[in-house]
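Quick note on our numbering: the sequence shown kicks off at 186 and runs consecutively. These notes concern the structure reproduced below.
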Amino acid sequence: MARSPFTLAAAVTAAVPGAEVVGARALTSSGDGRFDSAVATLADGRELVIRVAGDDETASELSAESLALRALTAGAREMLPFEVPEALGAAVLGLRGGEPSGQSEPRALVTTLVPGFLVEAADIPAGRGVATAAGAAIAAIHALPASVVRAAGLPERSPAQVREEIRALVDRAATTGRVSARLTVRWREAVASDDLWRFESTVTLGGAQASSFLYVDDPQRGPEVSGLIGWYGLCIGDPAVDLAWLASAPDAADDVHAAYSAAALRSPDTALPTRSRLLAELEFARWLLHGADTRQSDVVDDAAQLLDALADSLDDDLVSRRPRSTGVDEAMTALQSVPAAATGEIDTSMQTDAYDPRSFAGLGVGDAGDAESEDTAVFGPRSTVDDGAESESALGDAEAWEDPDATGPIDLPRPGSDGAPDEPSTTAPAGGEHDHAADAEEAQRAARAAFQRWSSSSSE
């Protein structure tokens, strides 16, 4: 038998020192009947919520929620565009008459009351309003800094850990013999898809439900989220866990996802809807394992019926099945995009420490005969400019670009001289131009021979 609101309100004074209770009423949302709950009205006008655990599972849930609410500091709460309950105190209630003496005494948690109304998942309409408000609210939770969770020592899971937990869950469910082969293959294909598990772990509620959201109706903007309740699963993990409930809201699912993506501060997660759908399906597997672990045959039978109905209703795959030839086709397509000849982009300069690339600046002009075709292939077509003029210009450019740190022949004094280097003459001898051209041609031939030897040795 559930405790009356007045009995629960009396326990508020034990949990919150100085509280003066002047009234009590039932709490419309009482955790699906898993808690004894009530709203206590204080003399100063405040309204507080008291919830009492009915068993060890709900007692653990209350303890986790108390820790999570205390982890949400004032700074963290300022980042959220809605209210979050504040934990005010806890108390231990005595056993009622008729309860086993060996049973642990129930614990009570007192929090502030967040005003608002609930909307069942199946009743959430598409379009602007409840759906978009819920999506933006979830995005705000996921934008909280990870330090909020880590400082409180709450759980944290990486994408690899989440994936491995799902893999173990699927394998355990398959061993019961109550999961169809179709579902087992479907889930294992999803686990094996690497693309599905490339996400960034975020702060999450650990499994938001439609009953987690409280709404108020704004006259101008329509329904808005006034607060969120049910923080006992606060952790760092897969953001899809807070969107799995959308499997029960088929009309609003797309709009919730769209609003969430628009408000999210992280890079887009294209696999988020698929993972959230997978997690929703796996809730039936969790229910099956719960029945198997607690040896409740009625729970096992109920879960098996739900799984069979799920398998019969499916008409698609969670992950697309790509044909085996796809990889080869993509490779061939990539090869077709490669230029047939890329010699024009290749740097043919001699990148060694034995030759100065600037010494070959004039090789493209001035040679004739057998070397003409090779010159054209390597250095481009011949210029129509006068050979002698361009040769002199190229040699002049080479001298202008001479590396001041490069080594060169030492200018030793000639016999009979005074040891001083020759000064450049202001008047060139009559045959100087002819000698200069001959020297340039000889230098070009020697350089080309060296270049050909270097090319032959490198190709070998």
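Beta carbons: idealized from backbone N, C-alpha and C, even for Gly.
Option in the options with minimal Cα separation from residue i
i, options, result
"V370", "D379, R348, A359", "A359"
"A429", "D493, L413, G320, L329", "G320"
"G239", "M264, A366, D486, V277", "V277"
"E349", "D379, G407, L273", "D379"
"R255", "A443, L419, A438", "L419"
"V484", "E374, R471, E385, S505", "R471"
"A336", "A244, A253, S461, A434", "A253"
"S433", "R406, A465, S452, G407", "A465"
"L491", "V364, A375, S411, A449", "V364"
"R313", "P202, F398, D502, R406", "R406"
"L233", "A261, A275, P266, M264", "A275"
"V410", "A324, L499, P291", "A324"
"V355", "Q629, A377, P453, L431", "A377"
"D486", "P190, L467, G362", "G362"
"P435", "E271, R630, A306, E290", "A306"
"T296", "E290, R383, Q346, T226", "T226"
"V315", "P300, D440, S248", "D440"
Anticipated Cβ contact below 8 Å, residue i with residue j, distance rounded
i, j, result
"P424", "T389", "6 Å"
"E246", "Y417", "5 Å"
"L193", "I235", "5 Å"
"A437", "A311", "5 Å"
"F267", "L450", "That pair is no contact at about 17 Å."
"L503", "E374", "7 Å"
"I351", "S386", "Contact doesn't hold; Cβ gap of about 14 Å is too wide."
"V224", "A293", "Not really, about 13 Å apart at Cβ, beyond 8 Å."
"T198", "V206", "6 Å"
"A496", "L368", "5 Å"
"Y400", "F302", "6 Å"
"L273", "A200", "7 Å"
"V334", "E341", "7 Å"
"R357", "L474", "6 Å"
"P190", "A211", "5 Å"
"A395", "V304", "7 Å"
Residue i CB to nearest heavy atom of the ligand SAM below 6 Å
i, result
"S505", "This structure simply doesn't include the ligand SAM, nor any ligand for that matter."
Reduced DSSP category for residue i - H, G, I as helix; E, B as strand; rest coil
i, result
"V485", "helix"
"F191", "helix"
"G476", "helix"
"T258", "coil"
"I323", "helix"
"L413", "strand"
"D379", "helix"
"T459", "helix"
"E263", "helix"
"S452", "coil"
"A328", "coil"
"A311", "coil"
"A393", "coil"
"A211", "strand"
"D646", "No information on residue 646 is available, as it lies outside the stretch 186 to 645 that the chain covers here."
"L428", "coil"
"L492", "helix"
"A444", "helix"
"V370", "helix"
"V334", "helix"
"R630", "helix"
"V504", "coil"
"T361", "coil"
Per-residue burial, residue i [other beta carbons within 10 Å of its own, 16 or more giving buried]
i, result
"T317", "buried"
"T479", "exposed"
"S343", "exposed"
"A703", "Only positions 186 to 645 of the chain appear in the structure, and residue 703 is not among them; the question remains open."
"D229", "exposed"
"E250", "buried"
"T258", "exposed"
"G476", "buried"
"D402", "exposed"
"S397", "buried"
"P202", "exposed"
"F220", "buried"
"R188", "buried"
"V426", "buried"
"G260", "exposed"
"G415", "buried"
"L499", "exposed"
Bridge partners - residue i, DSSP secondary structure assignment
i, result
"I421", "E341, V388"
"L294", "R236, A275"
"L227", "V206"
"P408", "D402"
"S222", "R236"
"E268", "G412"
"F302", "Y400"
Beta carbon proximity, residue i to chain D, threshold 7 Å
i, result
"A438", "Absence of chain D from the displayed structure is noted, only one protein chain being present."
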